[in-house]
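For the sequence shown, numbering that gives the first Met the number 0 assigns the number 0 to the initial residue and increments by one for each residue that follows.
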Amino acid sequence: MGARLKNIQARAAEHGRLRTGYADGKRPMRSATWVVTSHSEEHVRTAAELWGGEPQQWTPLNSTISQWRVITKAASIEALITPGDPLNQYNEMWSAGGCQRRCDGDTELLTRQPCLCARQFGEDWHQQPKGRVCSTTSRLNVMLPDLTGMGLWRAETHSFYAAGEWGGMVDMVLAGTDGRGFVPVTLRIEPRQVIRDGKTKKFPVVVVELRGVTPRQALAGPLPTAVALDPGAAAEGRLAIEASRPDYVAEAEGALTSDDVRDVWRKARAAGHVDPRGRDELSTELMAIAERKDAEARDESGLDDQVPDEEGIVDGEFVDEAPAERQEWPETVAPGAGARR
Numbered sequence: 000m001g002a003r004l005k006n007i008q009a010r011a012a013e014h015g016r017l018r019t020g021y022a023d024g025k026r027p028m029r030s031a032t033w034v035v036t037s038h039s040e041e042h043v044r045t046a047a048e049l050w051g052g053e054p055q056q057w058t059p060l061n062s063t064i065s066q067w068r069v070i071t072k073a074a075s076i077e078a079l080i081t082p083g084d085p086l087n088q089y090n091e092m093w094s095a096g097g098c099q100r101r102c103d104g105d106t107e108l109l110t111r112q113p114c115l116c117a118r119q120f121g122e123d124w125h126q127q128p129k130g131r132v133c134s135t136t137s138r139l140n141v142m143l144p145d146l147t148g149m150g151l152w153r154a155e156t157h158s159f160y161a162a163g164e165w166g167g168m169v170d171m172v173l174a175g176t177d178g179r180g181f182v183p184v185t186l187r188i189e190p191r192q193v194i195r196d197g198k199t200k201k202f203p204v205v206v207v208e209l210r211g212v213t214p215r216q217a218l219a220g221p222l223p224t225a226v227a228l229d230p231g232a233a234a235e236g237r238l239a240i241e242a243s244r245p246d247y248v249a250e251a252e253g254a255l256t257s258d259d260v261r262d263v264w265r266k267a268r269a270a271g272h273v274d275p276r277g278r279d280e281l282s283t284e285l286m287a288i289a290e291r292k293d294a295e296a297r298d299e300s301g302l303d304d305q306v307p308d309e310e311g312i313v314d315g316e317f318v319d320e321a322p323a324e325r326q327e328w329p330e331t332v333a334p335g336a337g338a339r340r
């Protein structure tokens, strides 16, 4: 691998934004579906093909640079959380002159003063009208695997309620992956409502949820990139492998002795279907069957009814020794001794 500058943090280019609203002339509008904006016409047209809508040129407010956008018909889109920490959250206040306040919840970072909104309006400051206080702003960098380009897309929400959910979700994933590898997620616009002072307020909240993998998989460490890119196909592949696997349990149940069950386990081990140390579910099940076969053999042998000969032994104590190459049954959870065939 080539060299990298040590004083510059490597990062992917930002291809565009994922929004939950748009400007209709001079008036901001909420959208129940995703709005994709970018300087790239190609990216926006691809998004329109995937999620519906008509691509169009537009100029953001307070800007003279034209961009492309599409108001899609999709309330949910597939994305990937990228390596590192993809989430930034601040309470911010903007004006035509730029960012006037940026607060981390305790300290307003531009003036280094305690949180101005909380000091003025108390802990429920977020219920004040927009423009009077900061907006809770969350920015999540994701990759859209079905769009062209290797860059990132920024999903942004100003929802006070979504901020806690985004932070909790991302922090749990980071705890499991240590910020390494990709994690497949769905970004979904969900309608919510609250009742304040007897009035019902409806608003959209962006929900980030795992896609195609279980919490066990997501928290067990970095996912293989192929699984993150196509978790559905990976799951189908696992099911296909399991479906093609011989029914070792049925074969063991039909065995005559515990030695025969051991042979079934060795066959499964040679095929890579069990842990050689015997710490998997199939091994445990086969060992239980072997123990049951031993118990059945002891019950049928009638050892308690036999009388020792002149040397003090009975026939039932003669057991064929297994050859050396067969001593591979996991010793940590080995069943009882095998019965004579």
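Beta carbons are placed, not taken as given, at the ideal position from N, Cα and C, and that holds for glycine.
Ranked by Cα distance from P128, the options G178, F159, L17 are led by F159. For D258, the closest C-alpha among the options L281, W33, A289, A267 is that of A289. Cα atoms of D279 and M142: separation of roughly 36 Å, rounded to the nearest angstrom. Taking all protein chains in view, the Cβ of R118 is surrounded by fewer than 16 other Cβ atoms within 10 Å, so the residue is classified as exposed.
Classified as exposed, G130 has fewer than 16 neighbouring CB atoms from the shown chains inside 10 Å of its CB. Rounded to the nearest angstrom, the gap between the Cα atoms of E77 and W165 is 16 Å. In summary, N61 is exposed, with fewer than 16 beta-carbon neighbours lying within 10 Å of its beta-carbon over all protein chains present.
Straight through space, the alpha carbons of C102 and C114 are spaced by roughly 7 Å.
With contacts defined by Cβ atoms closer than 8 Å, L79 and P183 form a contacting pair. Of the candidates L285, P275, L228, H272, L285 places its Cα closest to the Cα of T256. When DSSP assignments are scanned along the stretch 188-267, the uninterrupted stretches of alpha helix (DSSP H) that are 4 or more residues long and fall wholly within it turn out to be 214-218, 224-228, 230-243, 247-252. When rounded, the separation of the alpha-carbon atoms in P329 and L173 is 36 Å. Measuring C-alpha to C-alpha distances from G277 to each of R261, K292, R291 identifies R261 as the nearest. Within the stretch 78-118, the complete beta strand (DSSP E) runs of at least 3 residues fall at 86-94, 97-102. In terms of Cα proximity to M92, the closest of W264, I64, G271, T136 is T136. Here the alpha carbons of A251 and R16 stand approximately 58 Å from one another.
Taking every protein chain shown into account, the CB of M149 has fewer than 16 other CB atoms within 10 angstroms, so this residue is exposed.
Taking a 10 Å sphere around the C-beta of C98, we find fewer than 16 other C-beta atoms and assign the residue as exposed.
The three-state reading of DSSP puts I64 in coil, since its state is none of H, G, I, E or B. In this structure, DSSP gives S39 a state outside helix and strand, which the three-state scheme calls coil. In this model, A12 and A287 are separated by some 56 Å (Cα to Cα).
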